Amino acid sequence: NDLVVTGTLELAGSTAFSGAVQFGSTLSVGDTTFMTAGLSVGGGVQFGDLLSVSGTTYLADKLSVKDDVYMSSNLSVYGNTEIEGTLSVKDKVFFTSSLSVYGNTEMQGSLSLKGTTTMNDTLSVGGATFINNTLSVKDKVYLTSSLSVYGDTEMQGTLSVKDKVYLTSSLSVYGNTEMQGSLSLKG
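Plus 801 on top of the position in the sequence shown (first one is 1) and you've got our numbering.
Take a look at the structure:
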């Protein structure tokens, strides 16, 4: 038969329930609670202290956290991840696939690239650029300021200059020389 208690029910020892138990109001537990089967909660759950889960946790809906989250092991995400604030990483980041950035990218340290880099738009560099190997350009190069070359320069095609050329040292020509205009020598 059913047992209905309208006042306080206090149990001092172990209690075993073999059927369903329903509480119409608050359930307050002052000590550790062990459950060997599933726990189904149809409403909100509030924890005033630590929640420790030793097994796998599955969430069928959103997880909203209002404070910092600390993880002492790996975080694996198999779906899309959206971050509306700043992402701060204090150690290395490894990507095993492509990285797509649709906004501005700012880096305050060095950028080291070990593979091929392809840019489909303008590359703007505000500081000095050092290249330790060959620079190959397949199209025209426009310079709006001076070009200083401190080593040997070799050109396999035509050199076309639309303005004056000043040489502060000797000019040595080892092949044929053709001039279509006047040659003026002042020295």
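All C-beta atoms in this analysis are idealised placements derived from N, C-alpha and C, irrespective of residue type, glycine included.
Small disclaimer: the values here were computed from a predicted structure and weren't measured.
request  = Spatial neighbours of Gly904 within its chain, please: CB distance less than 8 Å, with the 5 preceding and 5 following residues excluded, ordered by chain position.
outcome  = Here residue 904 refers to the residue found at position 103 when the sequence shown is read from its first residue. Closer than 8 Å at Cβ, skipping near neighbours: no residue.
request  = Quick one: which unbroken alpha helix (DSSP H) runs of 4-plus residues sit fully inside the stretch 834–900? Chain order, please.
outcome  = Listed in chain order, the alpha helix (DSSP H) elements of length 4 or more contained wholly in the stretch 834–900 amount to none.
query = Taking Thr827 as the reference, which of Ser819, Gln847 and Phe818 has the closest Cα?
reply = Counting from one through the sequence shown, the residue named residue 827 turns up at place 26. The shortest C-alpha separation from Thr827 is found at Gln847.
ask   = How many angstroms separate the CA atom of Gly976 from the CA atom of Gly958?
value = Taking the sequence shown and counting its residues from 1, one reaches residue 976 at position 175. Taking the sequence shown and counting its residues from 1, one reaches residue 958 at position 157. Between the C-alpha atoms of Gly976 and Gly958 there is a straight-line separation of about 14 Å.
query = To which residues of the same chain is Thr978 closer than 8 Å at the C-beta, ignoring the five residues directly before and after it?
reply = The residue labelled residue 978 in the question sits at position 177 within the sequence shown. None.
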